[in-house]
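Here is the structure we will look at, set down as structure tokens.
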Amino acid sequence: MSYLSLSDKDKKEMLARTGVGATDDLFCCIPEAVRLKRALDLPAAQSELELVRTMEAIGRKNDYSRHLSFLGGGAYEHFIPTVVDYLSSRGEFVSPYTPYQPEVSQGTLQIIFEYQTLVCQLTGLDIANASLYDGSTGTAEAVLMAQRVTSRNKVVLARSLHPQYREVVRTYIKNLGVEAVEVGYGPDGRIDEDALGRALDDKTAAVVCQSPNFFGVVEDIQALSDAAHGVKALSVAIVAEAVSLGMLEAPGKRGADIVAGEGQSLGIPLSFGGPYLGFMACKKEFLRQMPGRVAGQTLDREGRRGFVLTLATREQHIRRERATSNICTNQALCALRATIFMETLGKQGLRELAWQNAQKAAYAADRLGAIPGVKMKFSGPVFNEFVVELPKPWPAVDAGLRAKGIIGGYGLEPAYPELKNAALVAITELKTKDQIDRLAQALQEVLS
Amino acid sequence: MIKEIREPLIFEISESGKRAAELPALDVAEKKDLLAGVPLRRELEDFPEVSETEVTRHFTRLSQMNYCVDLGLYPLGSCTMKYNPKINERLSAQPAFAGSHPLASEDLVQGNLEVLKRLETYLCEIAGMDAFTLQPAAGAHGELTGMMLIRAALEARGDARKYVLIPDSAHGTNPSSAHICGYSVKEIKSNDKGMVDVEALEAAMTDEVAALMVTNPNTLGVFESDICRVAEIIHAKGGLVYMDGANMNALTGVVRPGDMGIDVLHINLHKTFSTPHGGGGPGSGPVGVKKELVPFLPVPVIGERGGRFVLDFDRPATIGRVRGYFGNFSVIVRALCYILTLGPKGVREIAEFAVLNANYIRKSLEGEYHLKYTTPSMHECVFSDKIQKEFGVTNLDIAKRLIDYGVHPPTMSFPLIVHGALMIEPTETESRRDLDHFIDAMKAIAREAKENPEILHSAPHVTYVSRLDEVAAAKFPVLRWEKKP
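Keeping their order, the protein sequence lines are chains A and B. Residue numbering for the first sequence follows the working numbering, beginning at 737 and increasing consecutively. Residue numbering for the second sequence follows the working numbering, beginning at 40 and increasing consecutively.
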């Protein structure tokens, strides 16, 4: 199958018009010695029907969806209203590029403007960008931004920040002379505030905490912000489960200077980790240091409202090596999905969604906690995820549950060697009481 | 395009009590004291409240204000706006892929890992490289990853070095990516053919230079014919060559970067491999490397053991992760679908027809528009407004007038080395009818520039908004809606 649109006649006439005898002559400027003199070693071309068979056969090799899964840890399965898929799959949204020509891109630009507004409302901050790649790179960008704002070269990372986010931060800062210090957690699963106090000094650019953190525990953002501000560092709050913002107080109202994170929960499928939606919001005094694209409101020649990409002087194509970030594209289509999702759920729906997540997680925690030998690892308040400590190593329990068609959670020991026999269990609104009961029943049987 | 109806912001039509989604009633006993002691919101202040009808109409109307590839030619130079096959959307959204969790253990996602491994293998063959990572989320992210790999390899040799050489025709992301890797940038001038000046390069290359970042074909649409000599110069003094593969669309099946001395490159799946641009993302920027750089690739690397795919984290020399999980997986699925659909002949035809179409446009517009560099063009050609400037018409006027003719404007004012640039990349998927329509429109505009320049200054005339005040937008930024007090 080919997606070309020229007939043989077109091709012949066009070659003649360009003054080239044969197709090969189009490549005359490529040295003969390096040209490929054989066909590429790729599978033979497939028709649409063959492709469907091939790709569905590959899909069937995934056993994941045949299980009842309680995985979370930065990627959550939530209900996605049909309008999200329907509207976001329109060619007018899927097939344009970055809105460089605003007169023919008002749809995309107005949506970015609405998205920025919604992110500000969720986070309680003044301004937001048009999106970043994902939560992990969003965290790294927030760290680099804090370094630019403060001109300091040390960041304090909570150990309860998503392990992969911490890895990405370390990869990004390695070549920039920025040092990362990790602070552990207490028995409540929250950051150890005494250790935090010891880690802070006048070289600290930012305190970076996730809430709800990787263990599902809600942090005291105000206390962390106060601690950061005490040494004139920035408070960076990371949110990996955006639905939590439907009920938890906005981090921006609890002292956070930058809020960044993962918006996947807002209408974006799991898709094995991507594409997702990095979001970022901050106080307006940091506007010139914020990375990424931004849409702004303006007027046309007739005085009508319109939207444009603006403040490009921060960006790489203007400032080149002095740009705030090297980021060029954003995740516009994912931001569109999130915008439709948030506007569809609306004020009441998003709050109710968050409330149901928390209620069901609390029910699940009670059910699992009542099983002999099972303990809630942390005493702090949780949103829709929690850590259970089991009387047996997780791999054995996991295997037992899998035999019953259940993926009970995410074993924490590889990322946190100190958390032996512990697993992270996520409950969203998609889990019914029956399914939670099934998990509890199965776990009890596996442990007995 | 709707011109008369003004679409409000969703917040402006919001009315208390409306909703467009409902959840089932809570099926567990409600705890009133949940999250006691945690500060909760009273409400989501000013969040919209609308019906499903209103949501659907809002976004449908907004969609009609966008130009897109599905409507017609979108000749943005260096952006490769080709047709996006619809079946690839469906296959990437199948529940087996779209519903799979990134923290699932590897035995539960063998199909996903096969997708990743297959695309890596095919990209190695197409680019002539030894290994690929699919983790980078976009082209610029790939550049950053590639430069980190170069730094790691040079550190392993004993000296990371200080400088990166970048031609003046490079993408703006190149200098920025090098900078984030801790390198200072030295610019290399182009010669009168629009290629890297080999003598200038030789003079600039020292044992303090880590790498050259080169785009090939470069942003003038010109193939760097001296590329092998260029690579020799860099390698002779212990440097590495990075290729920005944004313009790979000109090369597929014809020549492989790995065969012309390239050590590291990134490829944009949203350009060469037809995954949709989505209004500015998501993209995907896989990075290919030669053997010496393989140990430094981001973790995890997809391996194979006993006929099963495995995730290999045990790589002591790795630069670490550059992104969470495995990159933009559903974009990767689409690119794989595209390669499987085209096969070896079809992949070569990408380059053949992309270059034919660009040269057809170039030949048809030569004389009407100024061509600063007359070196043969590959997949794109760069004209300027030099002729039209005599009549007071700029490239901006030309671009905006094209909109009236129903075509998206080319890339403007880039590359920086051509003043008033109009950078045109038609891609291979266009019909002759659409190419001719563009050519006719450009010719008509060239005539109008002489006879009636005013109509160009006031363009576009048929759009939802007329020319927008971008200066005011930057000077007095309004970046969000706020409720009127």
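Glycine residues also receive a C-beta, built at the ideal position from the N, C-alpha and C atoms.
Across which residues does DSSP place residue i in a beta bridge pair?
| i | result |
| --- | --- |
| A/LYS890 | A/GLU915, A/THR940 |
| B/PRO124 | According to DSSP, B/PRO124 bridges with nothing at all. |
| B/HIS97 | Answer is none; B/HIS97 lacks a bridge partner. |
| A/ARG1041 | A/LEU1035 |
| A/GLN946 | A/ILE974 |
| B/LEU279 | B/ALA250 |
| A/ILE863 | A/CYS1018 |
| A/TYR1146 | A/LEU1160 |
| A/ALA1178 | BP columns for A/ALA1178 are empty, so no partner. |
| B/ALA64 | Paired residue(s): none; B/ALA64 is not in a bridge. |
| B/PHE171 | B/GLY327 |
Tell me which residue opens and which closes the beta strand (DSSP E) that residue i is part of.
| i | result |
| --- | --- |
| B/SER90 | That residue, B/SER90, is in no beta strand (DSSP E); it is neither H nor E in DSSP. |
| A/GLU998 | 994-998 |
| B/LYS523 | Here B/LYS523 belongs to no beta strand (DSSP E), and DSSP marks it neither H nor E. |
| B/ILE205 | 202-206 |
| B/ARG268 | That residue, B/ARG268, is in no beta strand (DSSP E); its alpha helix (DSSP H) goes 266-275. |
| B/ILE52 | First-last for B/ILE52: undefined, no H or E at that position. |
| A/ALA959 | Run containing A/ALA959: none in the beta strand (DSSP E); it sits in the alpha helix (DSSP H), 957-966. |
For residue i and residue j, which I take to be in contact (beta-carbon distance under 8 Å), what is that distance rounded to the nearest angstrom?
| i | j | result |
| --- | --- | --- |
| B/GLU46 | B/LEU101 | 6 Å |
| A/THR1075 | A/LEU854 | 6 Å |
| B/VAL77 | B/ILE52 | In fact, because the Cβ distance is near 33 Å, the residues do not count as touching under 8 Å. |
| B/ALA176 | B/ARG373 | Not really, about 14 Å apart at Cβ, beyond 8 Å. |
| A/ARG990 | A/ILE957 | 4 Å |
| A/LEU1086 | B/LEU381 | No, A/LEU1086 and B/LEU381 are not in contact; Cβ-Cβ is about 43 Å, not under 8 Å. |
| B/VAL181 | A/VAL830 | The question names Val, but residue 181 of chain B is Gly in the sequence shown. 22 Å between Cβ atoms; not a contact. |
Using CA atoms only, rank isn't needed, just tell me which of the options is closest to residue i.
| i | options | result |
| --- | --- | --- |
| A/SER947 | A/ALA986, A/LEU912, A/ALA1135 | A/ALA986 |
| B/ALA239 | B/GLU247, B/THR245, B/LYS228 | B/LYS228 |
| B/GLU493 | B/ALA483, B/ALA512, B/VAL432, B/LEU455 | B/VAL432 |
| B/MET462 | B/SER90, B/GLU226, B/THR92, B/THR258 | B/THR258 |
| B/ALA64 | A/ARG884, A/LYS1128, A/GLU1121, A/GLN1095 | A/GLN1095 |
| B/GLY359 | A/GLY933, A/TYR901, A/GLN1025, A/ALA963 | A/TYR901 |
| A/GLY1116 | A/PRO923, A/GLY1009, A/GLY795, A/ALA1098 | A/PRO923 |
| A/ALA811 | A/ALA1139, A/GLU1149, A/GLU1121 | A/GLU1121 |
| A/LYS747 | B/ASN230, B/LEU474, B/LEU48, B/PHE335 | B/LEU474 |
| B/ASP443 | B/ARG472, B/HIS476, B/GLY260 | B/HIS476 |
| A/PHE849 | A/PHE1043, A/GLU813, A/ARG884 | A/PHE1043 |
| B/GLU145 | A/GLU1154, A/ALA963, A/ILE1143, A/ALA1101 | A/ILE1143 |
| A/ALA973 | A/GLN782, A/GLY871, A/LEU845, A/ASP799 | A/GLY871 |
| B/PRO339 | B/LYS201, B/PRO499, B/LEU507, B/LEU142 | B/LEU142 |
Counting along the chain, where does the alpha helix (DSSP H) carrying residue i start and finish?
| i | result |
| --- | --- |
| A/ASP930 | 929-935 |
| B/CYS163 | 149-166 |
| B/HIS218 | 212-219 |
| B/MET186 | 178-196 |
| B/MET481 | 471-490 |
| A/GLY827 | 827-830 |
| B/CYS376 | 368-404 |
| A/MET750 | 744-754 |
| A/ARG902 | 899-909 |
| A/SER824 | 818-824 |
| B/GLU509 | 509-514 |
| A/LYS1096 | 1068-1105 |
| B/LEU240 | 237-243 |
Check whether the Cβ of residue i sits closer than 7 Å to any heavy atom of the ligand SAH, and report yes or no.
| i | result |
| --- | --- |
| A/ALA959 | Among the components modelled here there is no ligand, and therefore nothing to report on the ligand SAH. |
(Q) Output needed in chain order: residues of the segment 935-950 of chain A with a Cβ under 8 Å from some Cβ in chain B. (A) none
Q) Looking at chain A, which residues of the segment 421-438 of chain B have a Cβ within less than 8 Å of any of its Cβ atoms? A) ALA438
Q: Determine which residues of the segment 1155-1168 of chain A have a Cβ less than 7 Å from any Cβ of chain B, and write them out in chain order.
A: GLU1165, THR1168
Q. When Cβ atoms are compared, which residues of the segment 886-909 of chain A fall closer than 8 Å to chain B?
A. HIS898, GLN900, TYR901, GLU903, VAL904, ARG906, THR907, TYR908
Q: Taking a Cβ distance cut-off of 7 Å, strictly less, list which residues of the segment 296-323 of chain B are near chain A, in chain order.
A: ASP298, MET299, PRO315, HIS316, GLY317, GLY318, GLY319, GLY320, PRO321, GLY322
**Q.** Contacting positions in the segment 342-375 of chain B - beta carbon closer than 7 Å to chain A
**A.** ILE358, GLY359, ARG360, VAL361, ARG362, GLY363, TYR364, PHE365, GLY366, ASN367, PHE368, SER369, VAL370
**Q.** Contact list for the segment 477-500 of chain B against chain A, Cβ threshold 7 Å
**A.** PRO499
Q) Along the segment 190-206 of chain B, what residues have a CB closer than 7 Å to any CB found in chain A? A) ARG190
Q) What are the residues of the segment 1136-1154 of chain A that lie near chain B, defined by any Cβ-Cβ distance shorter than 8 Å? A) ILE1143, TYR1146
(Q) If the cut-off is 9 Å on Cβ atoms, which residues from the segment 822-833 of chain A count as contacting chain B, listed in chain order? (A) TYR822, LEU823, SER824, SER825, ARG826, GLY827, GLU828, PHE829, VAL830, SER831, PRO832, TYR833
Q: Compile a chain-ordered list of the residues in the segment 1086-1105 of chain A whose CB is closer than 7 Å to at least one CB of chain B.
A: LEU1086, ARG1087, GLU1088, LEU1089, GLN1092, ALA1094, GLN1095, LYS1096, ALA1098, TYR1099
Q: For the segment 1028-1046 of chain A, enumerate the residues whose C-beta is nearer than 9 Å to any C-beta of chain B, in chain order.
A: ARG1029, VAL1030, ALA1031, GLY1032, GLN1033, THR1034, LEU1035, ASP1036, ARG1037, GLU1038, ARG1040, ARG1041, GLY1042, PHE1043, VAL1044, LEU1045, THR1046
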